[in-house]
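Notes for the one structure printed next.
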Amino acid sequence: MRYFNTFILLVFTLFLTSFNSNCYSQYKLKTIVIDPGHGGKDPGSIGKKSYEKNITLPISLELGRIIKENLPGIKIIYTRNDDSFPSLYKRAEIANKNDADLFISIHCDSFSDTSVNGSTTFLMGLSKSNANFNVAKRENSSIFLEENFKETYKDFNPNSSESVMLLSLTQKAKIDNSTILANLIEDQFSKRVGIRSRGVKQDVFQVLWNTTMPSILIETGYITNLEEEKKLNNKTHQVYIASAIFRAIRDYKNYLESN
Ligand SMILES: [Zn+2]
Numbered sequence: 130m131r132y133f134n135t136f137i138l139l140v141f142t143l144f145l146t147s148f149n150s151n152c153y154s155q156y157k158l159k160t161i162v163i164d165p166g167h168g169g170k171d172p173g174s175i176g177k178k179s180y181e182k183n184i185t186l187p188i189s190l191e192l193g194r195i196i197k198e199n200l201p202g203i204k205i206i207y208t209r210n211d212d213s214f215p216s217l218y219k220r221a222e223i224a225n226k227n228d229a230d231l232f233i234s235i236h237c238d239s240f241s242d243t244s245v246n247g248s249t250t251f252l253m254g255l256s257k258s259n260a261n262f263n264v265a266k267r268e269n270s271s272i273f274l275e276e277n278f279k280e281t282y283k284d285f286n287p288n289s290s291e292s293v294m295l296l297s298l299t300q301k302a303k304i305d306n307s308t309i310l311a312n313l314i315e316d317q318f319s320k321r322v323g324i325r326s327r328g329v330k331q332d333v334f335q336v337l338w339n340t341t342m343p344s345i346l347i348e349t350g351y352i353t354n355l356e357e358e359k360k361l362n363n364k365t366h367q368v369y370i371a372s373a374i375f376r377a378i379r380d381y382k383n384y385l386e387s388n
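With the sequence shown counted from 1, adding 129 to any position gets you the numbering used here.
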């Protein structure tokens, strides 16, 4: 009988352990979708010597490589790994269909004043200012290069701040985790890479709106600033940016899995 009790206790303990790990497994970071902004017929923002699409791709591929090397348990999926043009809808769909736990869209910023520089990490949310809304408008404008865009986005008018506010309410649930990661990234950029951080901001990005998991859009610097454009095209700087994003993701993963 004593052995039987011990056996029951053992079975019960095993059951509890597996129940616990099942509970926690939903918080794990298992699949990350990396989205190199623009591509193909959409060059993105244009600098003096380069296109945004040709900077976002190598940074994204490097980020995926570093994650695979250091956190081999994480599955990496790219929305594009060449000079192709997946629609914004398609990019979000790739993340949703693959049950991704995180969506990261990589971009470069631009502005008419060429002295402006620095990084900004955006998450989906209400537009806080007109200046932000202009960034969203520009990143959303890829839509107009897509065929059938009227049908695909019939509920979404990227130029209307009203439709944008309505849609963003559905996003509240994933904002918290996106905010944590966005802050970690901007922190890494400013403290470890020496990029001027313009902070974490919220705005309404089509590519973030359609995803169902925590999602962020990183403007890694201004392609319209001569000095920053040079850096953004520099292989070593691209590796620094990717490494900084990786360290933020690693810290975010530890945070998720310890809570
Ligand atoms: Zn962009």
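Backbone N, C-alpha and C fix where the C-beta goes; we use that ideal spot for every residue, glycine too.
The structure presented is a predicted model; accordingly, all values stated were derived computationally and were not measured.
Proximity of the stretch 316 to 332 to the stretch 364 to 381 meets the contact definition, three or more beta-carbon pairs being nearer than 8 Å. With fewer than 16 neighbouring CB atoms inside 10 Å of its own CB, residue 211 falls in the exposed class. By the beta-carbon neighbour count (other beta carbons within 10 angstroms, threshold 16), residue 193 is buried. Looking at the backbone, the Cα of residue 177 and that of residue 253 are separated by about 30 Å. For a cut-off of 8 Å, the C-beta gap from residue 208 to residue 345 is around 14 Å, too long to register as a contact. For residue 250, the three-state secondary structure derived from DSSP is strand. In this structure, ligand 1 has a non-hydrogen atom nearer than 7 Å to the beta-carbon of residue 268. Counting only residues of its own chain and dropping the five nearest sequence neighbours on each side, residue 375 has a CB closer than 8 Å to the CB of 192, 195, 196, 199.
Counted as a single uninterrupted DSSP element, the alpha helix (DSSP H) harbouring residue 187 occupies residues 182 to 199. Comparing alpha-carbon positions, the option among 355, 164, 218 lying closest to residue 278 turns out to be 218.
Residue pairing by DSSP places residue 329 opposite 250 in a beta bridge. The C-alpha of residue 271 lies about 33 Å from the C-alpha of residue 385. The C-beta distance from residue 173 to residue 236 rounds to 7 Å, short enough to fall under 8 Å. Beta-bridge partners of residue 204 (DSSP): 160. When the beta-carbon positions are compared, residue 203 and residue 163 stay at least 8 Å from each other. Burial is judged here by how many other beta carbons sit within 10 angstroms of a residue's own beta carbon; residue 364 has fewer than 16 and is exposed. By the 16-neighbour rule on beta-carbons within 10 angstroms, residue 350 is buried.
Taken in chain order, the complete alpha helix (DSSP H) segments of 4 residues or longer contained in the stretch 213 to 244 are 217 to 226.
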